[in-house]
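S.K.:
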Amino acid sequence: MPVLDRGLPIDDRWTDLADDQDIPAEGAVIVSLERWRTERDALTARRDAVGVRLKSNQLATEIADDLGSLSLVALEFPKFRDGRAFSAARELRERFDYKGEIRAFGHIIPDQYLFLTRVGVDTVVVPADRVGPAWAHALKEISVAFQPALGREEGVSLLRRHLKGTVPA
Amino acid sequence: MPDTHSPALRSNQPADAHAAVYRYDEFDKTFIFERVEQFRAQVERRIKGEITEEEFKPIRLMNGLYLQLHAYMLRVAVPYGMLSSTQVRRLARIARVYDKGYGHFTTRQNIQFNWPKLEDVPTILRELAEVDMHAIQTSGNCIRNVTTDQFCGAAADELVDPRVYAEILRQWSTMHPEFTYLPRKFKIAITGSPNDRAAVQVHDIGLIAKKDETTGRVGFTVYVGGGQGRTPYLAVKARDFVPVEEIIGYLEAILRVYNQLGRRDNIYKARIKITVNEMGADKFIGLIEEEYARLRRQKFHVDPAIVDAIQTHFAPPPWVELPAISDSFEAAKAADPAFARWTRSNLTEHKTRGYAIATISLKPIGGIPGDAEADQLETVADLADLYSFGEVRVTHEQNLVLAHVRQDDLYALWKALDAAGLGTANAGLISDIIACPGLDYCALANTRAIPVAQRIAERFADLDRQHDLGELKIKISGCINACGHHHVGHIGILGVDKKGEEFFQILLGGDAGTNAALGEIVGPGFDYDGIIDAVETVVNTFVKLRQPGEIFIQTLARTGHAPFKEALYARA
Amino acid sequence: MLVKAKGTQQSVAASRLLDGEAVWLGAGNIWVEDVAQAAVFDGAEAIAEALAFAKAEEKRQIVVDVYPLDVEITEAGTRPTHLRERLKGIGPTVRRDLGKQARQPAA
Numbered sequence: 001m002p003v004l005d006r007g008l009p010i011d012d013r014w015t016d017l018a019d020d021q022d023i024p025a026e027g028a029v030i031v032s033l034e035r036w037r038t039e040r041d042a043l044t045a046r047r048d049a050v051g052v053r054l055k056s057n058q059l060a061t062e063i064a065d066d067l068g069s070l071s072l073v074a075l076e077f078p079k080f081r082d083g084r085a086f087s088a089a090r091e092l093r094e095r096f097d098y099k100g101e102i103r104a105f106g107h108i109i110p111d112q113y114l115f116l117t118r119v120g121v122d123t124v125v126v127p128a129d130r131v132g133p134a135w136a137h138a139l140k141e142i143s144v145a146f147q148p149a150l151g152r153e154e155g156v157s158l159l160r161r162h163l164k165g166t167v168p169a
Numbered sequence: 170m171p172d173t174h175s176p177a178l179r180s181n182q183p184a185d186a187h188a189a190v191y192r193y194d195e196f197d198k199t200f201i202f203e204r205v206e207q208f209r210a211q212v213e214r215r216i217k218g219e220i221t222e223e224e225f226k227p228i229r230l231m232n233g234l235y236l237q238l239h240a241y242m243l244r245v246a247v248p249y250g251m252l253s254s255t256q257v258r259r260l261a262r263i264a265r266v267y268d269k270g271y272g273h274f275t276t277r278q279n280i281q282f283n284w285p286k287l288e289d290v291p292t293i294l295r296e297l298a299e300v301d302m303h304a305i306q307t308s309g310n311c312i313r314n315v316t317t318d319q320f321c322g323a324a325a326d327e328l329v330d331p332r333v334y335a336e337i338l339r340q341w342s343t344m345h346p347e348f349t350y351l352p353r354k355f356k357i358a359i360t361g362s363p364n365d366r367a368a369v370q371v372h373d374i375g376l377i378a379k380k381d382e383t384t385g386r387v388g389f390t391v392y393v394g395g396g397q398g399r400t401p402y403l404a405v406k407a408r409d410f411v412p413v414e415e416i417i418g419y420l421e422a423i424l425r426v427y428n429q430l431g432r433r434d435n436i437y438k439a440r441i442k443i444t445v446n447e448m449g450a451d452k453f454i455g456l457i458e459e460e461y462a463r464l465r466r467q468k469f470h471v472d473p474a475i476v477d478a479i480q481t482h483f484a485p486p487p488w489v490e491l492p493a494i495s496d497s498f499e500a501a502k503a504a505d506p507a508f509a510r511w512t513r514s515n516l517t518e519h520k521t522r523g524y525a526i527a528t529i530s531l532k533p534i535g536g537i538p539g540d541a542e543a544d545q546l547e548t549v550a551d552l553a554d555l556y557s558f559g560e561v562r563v564t565h566e567q568n569l570v571l572a573h574v575r576q577d578d579l580y581a582l583w584k585a586l587d588a589a590g591l592g593t594a595n596a597g598l599i600s601d602i603i604a605c606p607g608l609d610y611c612a613l614a615n616t617r618a619i620p621v622a623q624r625i626a627e628r629f630a631d632l633d634r635q636h637d638l639g640e641l642k643i644k645i646s647g648c649i650n651a652c653g654h655h656h657v658g659h660i661g662i663l664g665v666d667k668k669g670e671e672f673f674q675i676l677l678g679g680d681a682g683t684n685a686a687l688g689e690i691v692g693p694g695f696d697y698d699g700i701i702d703a704v705e706t707v708v709n710t711f712v713k714l715r716q717p718g719e720i721f722i723q724t725l726a727r728t729g730h731a732p733f734k735e736a737l738y739a740r741a
Numbered sequence: 742m743l744v745k746a747k748g749t750q751q752s753v754a755a756s757r758l759l760d761g762e763a764v765w766l767g768a769g770n771i772w773v774e775d776v777a778q779a780a781v782f783d784g785a786e787a788i789a790e791a792l793a794f795a796k797a798e799e800k801r802q803i804v805v806d807v808y809p810l811d812v813e814i815t816e817a818g819t820r821p822t823h824l825r826e827r828l829k830g831i832g833p834t835v836r837r838d839l840g841k842q843a844r845q846p847a848a
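Residue numbers (my numbering), protein chains in the order written: chain D, 1 to 169; chain L, 170 to 741; chain G, 742 to 848.
1. Which chain L residues sit within Cβ distance under 8 Å of Gln802 (chain G)?
2. Are any of the Cβ atoms in chain D nearer than 9 Å to that of Met251 (chain L)?
3. Could you round the C-beta distance between Leu725 (chain L) and Gly694 (chain L) to whole angstroms and report it? I think they count as a contact, below 8 Å.
4. Short check: CB of Arg81 (chain D) to CB of Tyr350 (chain L), under 9 Å?
5. From which residue to which residue does the beta strand (DSSP E) around Ile660 (chain L) run?
6. Rounded to whole angstroms, how far is the Cβ of Val657 (chain L) from the Cβ of Ala368 (chain L), which I believe are closer than 8 Å?
7. Considering Cα atoms alone, identify which of L:Ile649, L:Tyr437, L:Arg617 is closest to Arg836 (chain G).
8. Verify whether the separation of the beta carbon atoms of Leu8 (chain D) and Ile23 (chain D) is less than 9 Å.
9. Under 9 Å between the Cβ atoms of Lys286 (chain L) and Leu839 (chain G)?
10. Once the 5 residues before and after Pro110 (chain D) are set aside, which same chain residues still bring their CB inside 7 Å of it?
11. Mind checking which residues open and close the alpha helix (DSSP H) that includes Glu497 (chain L)?
12. Drop a sphere of 10 angstroms on the beta-carbon of Ile10 (chain D), count the other beta-carbons inside from all chains shown, and report buried for 16 or more, exposed for fewer.
13. In whole angstroms, what separates the C-alpha of Ala739 (chain L) from that of Gly688 (chain L)?
14. Determine which residues of the region 812-840 of chain G have a Cβ less than 8 Å from any Cβ of chain L, and write them out in chain order.
15. For Arg259 (chain L), which residues in the same chain have their Cβ closer than 8 Å to its Cβ, ignoring the five residues on either side in sequence?
16. From the beta carbon of Pro148 (chain D), is the nearest beta carbon of chain L less than 9 Å away?
17. Strictly below 8 Å CB to CB, what residues from chain L border Ala746 (chain G)?
18. Does Arg103 (chain D) come out as helix, strand or coil in the three-state DSSP assignment?
19. How should Ala507 (chain L) be labelled, buried or exposed, when 16 other C-beta atoms within 10 angstroms of its C-beta is the threshold for buried?
20. Under the DSSP definition of a beta bridge, which residues are partnered with Tyr241 (chain L)?
21. Rounded to whole angstroms, what is the Cα-Cα separation between Asn279 (chain L) and Val247 (chain L)?
22. Can you check whether the CB of Ser756 (chain G) is closer than 9 Å to the CB of Ala746 (chain G)?
23. State yes or no: is the beta carbon of Asp601 (chain L) nearer than 9 Å to at least one beta carbon in chain G?
24. Taking Tyr808 (chain G) as the reference, which of G:Gly761, G:Thr749, G:Leu766 has the closest Cα?
25. Report yes or no: do three or more beta-carbon pairs, one from the region 795-812 of chain G and one from the region 216-229 of chain L, lie closer than 8 Å?
26. Would Arg522 (chain L) pass as a contact of Glu490 (chain L) if the rule is Cβ separation under 9 Å?
27. Find the nearest neighbour of Leu456 (chain L) within the set L:Asn435, L:Tyr419, L:His482, L:Thr481, judged by alpha-carbon distance.
28. Mind checking the region 680-701 of chain L against chain G and listing, in chain order, the residues whose C-beta falls within less than 8 Å of any C-beta there?
29. My understanding is that Pro606 (chain L) touches His273 (chain L), with C-beta atoms under 8 Å, so please give their C-beta distance in whole angstroms.
30. Shorter than 9 Å from the beta carbon of Leu116 (chain D) to some beta carbon of chain L?
31. Taking only beta-carbon positions, decide if Asp775 (chain G) is within less than 9 Å of chain L.
32. Among the residues of its own chain, which have a CB less than 7 Å from the CB of Met170 (chain L), if the five just before and after it don't count?
33. Just verifying my parser: in three-state terms, what is the DSSP assignment at Asp491 (chain L)?
34. Only counting the same chain, and skipping five residues up and downstream in sequence, which positions put a Cβ closer than 7 Å to that of Asp381 (chain L)?
35. When DSSP labels each residue in this structure, what does Ser646 (chain L) get in the three-state scheme?
36. What residues of chain G sit near Leu638 (chain L), judged by a beta carbon separation below 9 Å?
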């Protein structure tokens, strides 16, 4: 399935492995949390990068200790209305200082895309028939955000504009 | 044009220059117009079929747009219930141009229009944006409009004016990237008075603003996990005092725990109250504290200077020095008993000498609770300009308030209100009924609620009788979702569908105030005709049992439910 | 609350996407604004077929919120058996000047 970065499809180096698929000798792979736990040694013995998929009921804490070995964490949206992954992404970034790629997959609509980027998601997986200009557009529709974004530590964001002489970031 | 004392009217300022509404700056304006265009594009995508109804529904709901029984319904936010006269006039215009000439004020201090067309909604939102208004997050599984005490900044009993904090929460919660797809809706209420007029204990989060006695620092007692609906709970206290600087961080912690652990398998168990009660309050509060302890708090630190800066939007209007007693007010009361009666029920003590807080009843006998015609809205806007610094408030009891009226002006105000059908002397009395829209409008309802309210009001139409009964709050819901707050009515009425017929259960002993309590179902339900007689039986029983000076809820507390049950069911 | 239809005679209700007007599937698969003119489908097969058409209309952005409802046939036309559906056919009982009930009957 196409992967979008900043609204546009990219060449994706990752192979998303189902639990019954063999692990290829080469190439970056994404596996389920369960598989990561049982086949961790085999996965880390390879040269190439490993990513883990979390279901929406699996909290970021489940992989907190493993993040150093993971180049990607993929967060599932079983339904676009299930917003647990927004907190998972934020926890990965802010609580666990995760610097690798965060990817969202499953049922996602463009109208959530801006929020996803603001909680730390880098890429989204989108069915081919849903790729279109709406995704890039969604990132540009709203230029003002009232809360602090990722990586900005200066505090309650736009509320600061009320301080005289402060230019909001 | 009546004589006016309004300093604004005498100068070149707009008449509502001193109305305590938050005025948008360039960032707010940029945001609000971008949001309107975003929704316009979303509607276009929906009409073209690029998104399904399933996907569009949460989007339209987060812009206040429902699909109801007869038509779409647009719920417009009235942040913490505050409006300027300019905004009220714009609401009147929207009612007239895009709807059917009226609006309906809700129990969350918002206003609903019952007949908009989907195609018109982006344009309506644009009209709202022009006067610093919106419909954002008035529905959907997100943080809803923050509600508060309708008398804030004016009431004599207030310790802390909550509006500046409500505004900070409004900005913080607007399009929150992490908390817009929560398990379920999320309602926050805040009060700054020891007499809770915002029903904070039946909200997902209830905040009571107060000052630390030794340091004078402002902070909040934080309640969590309250709510009505089909499983009502009173909130539990999470912390006794969270200083202002930390409040957003603390709320982030609560919301994060809820977003991750709130149930998503069953819509009826998805509210935070269920999570709190299934897990146990102590454990839930423990998780909040853990989350809060590791949060990057600096990021959410509310600088007191920010509070001060936003506070300027809610500066007190330029009250003048007045004598405590107004001779003309006293004379008018003596001369006109109908006016005197209105002053007894519809005025609240103001903190400034010579002023009063006036409640405008949207409950004329036999009328639809909370409805206001466009003409009436314009009358209220004009009267607000003349007598109350161009400011209007919406109450959660579906009335309006002019918060700063000189005692000298009250008689003229009441005359003008009365002429417009807005002068009913029944605030807090038996005909000041909260009712949800019910099956007359709502797609979810099981029964009607409005005509029950109308018939009760007609049964007790005699205002002298109402005044004799004293404070008595009837609240009616047309289904177990409890939008009519029946759980916290002194007399609550719940409509249920019994084999296709409307039946109504009576609950007794609920209270939305400082002594918050949930009512109990008193016994089997009554049919559409019988419910009015049943309410009268309850009231007559109270009259028989009451001791001098007692109001209904006090008598009930003293006697218990037994005599009321007996009166209702003995003859059966 | 929507009551599940279970009778043998059913109609199909929906709301028009663009203006939210309540409509019913009428004769010849035309959407009608008057419930009395709603087509009555007899038996599971006919009901399923009508619903399938209505769901397809939803996909064509004509209507939303499609569902079946129990009805009976009267001299005045199709009549829903449940209160909610009858009110949908007339408008708010507290505002007789609004909704379908306020309109001139079709000539």
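Positions of the beta carbon are idealized from the N, C-alpha and C atoms, including for glycine.
M.R.: Let me lay it out:
1. On the third sequence, position 61 is the one that residue 802 (chain G) refers to. Correct list: Arg215, Ile216, Lys217, Gly218.
2. Locating residue 251 (chain L) in the second sequence gives position 82, where the first residue counts as 1. So, not an interface residue.
3. Taking the first residue of the second sequence as 1, we reach residue 725 (chain L) at position 556. Taking the first residue of the second sequence as 1, we reach residue 694 (chain L) at position 525. Rounded to the nearest angstrom, the Cβ distance from Leu725 (chain L) to Gly694 (chain L) is 20 Å, too far for a contact under 8 Å.
4. Position 81 of the first sequence holds residue 81 (chain D). Position 181 of the second sequence holds residue 350 (chain L). The answer is yes: Cβ separation under 9 Å.
5. Here residue 660 (chain L) refers to the residue found at position 491 when the second sequence is read from its first residue. Residues 660-667.
6. For the purposes of this step, residue 657 (chain L) is identified with residue 488 of the second sequence, where counting begins at 1. For the purposes of this step, residue 368 (chain L) is identified with residue 199 of the second sequence, where counting begins at 1. That pair is a contact at about 7 Å.
7. As a working mapping, residue 836 (chain G) is identified with position 95 in the third sequence. Checked all of L:Ile649, L:Tyr437, L:Arg617; the closest Cα to Arg836 (chain G) is L:Arg617.
8. Indexing the first sequence from 1 puts residue 8 (chain D) at position 8. Indexing the first sequence from 1 puts residue 23 (chain D) at position 23. Going by C-beta atoms, Leu8 (chain D) is not nearer than 9 Å to Ile23 (chain D).
9. Within the second sequence, the letter at position 117 stands for residue 286 (chain L). Within the third sequence, the letter at position 98 stands for residue 839 (chain G). Result no, Cβ atoms of Lys286 (chain L) and Leu839 (chain G) do not sit closer than 9 Å.
10. Residue numbering aside, residue 110 (chain D) sits at position 110 when the first sequence is read from its first letter. The residues are Ala134, Trp135, Ala138.
11. As a first step, residue 497 (chain L) must be located in the second sequence, where it is residue number 328. Reading off the sequence shown, one finds Ser at residue 497 (chain L), where the question assumed Glu. From DSSP, the alpha helix (DSSP H) with Ser497 (chain L) extends over 496-504.
12. By 1-based counting over the first sequence, the position of residue 10 (chain D) is 10. By the neighbour-count rule (16 or more Cβ atoms within 10 Å), Ile10 (chain D) is not buried but exposed.
13. Taking the first residue of the second sequence as position 1, residue 739 (chain L) is located at position 570. Taking the first residue of the second sequence as position 1, residue 688 (chain L) is located at position 519. Each residue's alpha carbon lies about 21 Å from the other.
14. Thr822, His823, Leu824, Arg825, Leu828, Lys829, Gly832, Pro833, Thr834, Val835, Arg836, Leu839, Gly840
15. Taking the second sequence and counting its residues from 1, one reaches residue 259 (chain L) at position 90. Around Arg259 (chain L): Glu296, Leu297, Glu299, Val300, Met302.
16. Residue 148 (chain D) sits at position 148 when you count from the first residue of the first sequence. Pro148 (chain D) counts as touching chain L.
17. As a working note, residue 746 (chain G) is residue 5 in the third sequence. Close partners of Ala746 (chain G) in chain L (Cβ separation under 8 Å) are lacking, with about 12 Å as the shortest Cβ gap.
18. On the first sequence, position 103 is the one that residue 103 (chain D) refers to. In the three-state DSSP reduction, Arg103 (chain D) falls in the strand class (E or B).
19. Locating residue 507 (chain L) in the second sequence gives position 338, where the first residue counts as 1. That one is exposed.
20. For the purposes of this step, residue 241 (chain L) is identified with residue 72 of the second sequence, where counting begins at 1. BP columns for Tyr241 (chain L) point to L:Leu236.
21. Translated into positions along the second sequence, residue 279 (chain L) becomes position 110. Translated into positions along the second sequence, residue 247 (chain L) becomes position 78. Approximately 5 Å between the Cα atoms of the pair.
22. Here residue 746 (chain G) refers to the residue found at position 5 of the third sequence. Here residue 756 (chain G) refers to the residue found at position 15 of the third sequence. For Ala746 (chain G) and Ser756 (chain G), no; Cβs fall outside 9 Å.
23. As a working mapping, residue 601 (chain L) is identified with position 432 in the second sequence. With 9 Å as the cut-off, Asp601 (chain L) does not count as an interface residue toward chain G.
24. For the purposes of this step, residue 808 (chain G) is taken as residue 67 along the third sequence, with counting starting at 1. It is G:Leu766.
25. yes
26. Counted from its first residue, the second sequence places residue 522 (chain L) at position 353. Counted from its first residue, the second sequence places residue 490 (chain L) at position 321. Contact flag set, yes.
27. Residue 456 (chain L) sits at position 287 when you count from the first residue of the second sequence. Residue L:Tyr419 is the option with its Cα nearest to Leu456 (chain L).
28. So the list is empty, because no residue satisfies the distance condition.
29. Reading the second sequence from its first residue, position 437 is the one you call residue 606 (chain L). Reading the second sequence from its first residue, position 104 is the one you call residue 273 (chain L). Correct: roughly 7 Å between the Cβ atoms.
30. Against the first sequence, residue 116 (chain D) aligns to sequence position 116. Yes, Leu116 (chain D) counts as interfacial toward chain L.
31. Here residue 775 (chain G) is taken as the residue at index 34 of the third sequence, counted from 1. Judged by the 9 Å Cβ criterion, Asp775 (chain G) is not in contact with chain L.
32. Indexing the second sequence from 1 puts residue 170 (chain L) at position 1. Its pLDDT being 42, under 50, Met170 (chain L) is placed unreliably by the model, and nothing is read from it.
33. Position 322 of the second sequence, counted from the start, is the residue given in the question as residue 491 (chain L). Residue identity check: residue 491 (chain L) is Leu in the sequence provided, not Asp. It is coil, neither helix nor strand.
34. For the purposes of this step, residue 381 (chain L) is taken as residue 212 along the second sequence, with counting starting at 1. Within the same chain, Asp381 (chain L) has close Cβ partners Gly388, Phe410.
35. As a first step, residue 646 (chain L) is located in the second sequence; it is residue number 477 there, counting from the start. Of the three classes helix, strand and coil, the one that applies to Ser646 (chain L) here is strand, per DSSP.
36. Here residue 638 (chain L) is taken as the residue at index 469 of the second sequence, counted from 1. Those within 9 Å of Leu638 (chain L) in chain G number zero; the least Cβ separation is about 25 Å.
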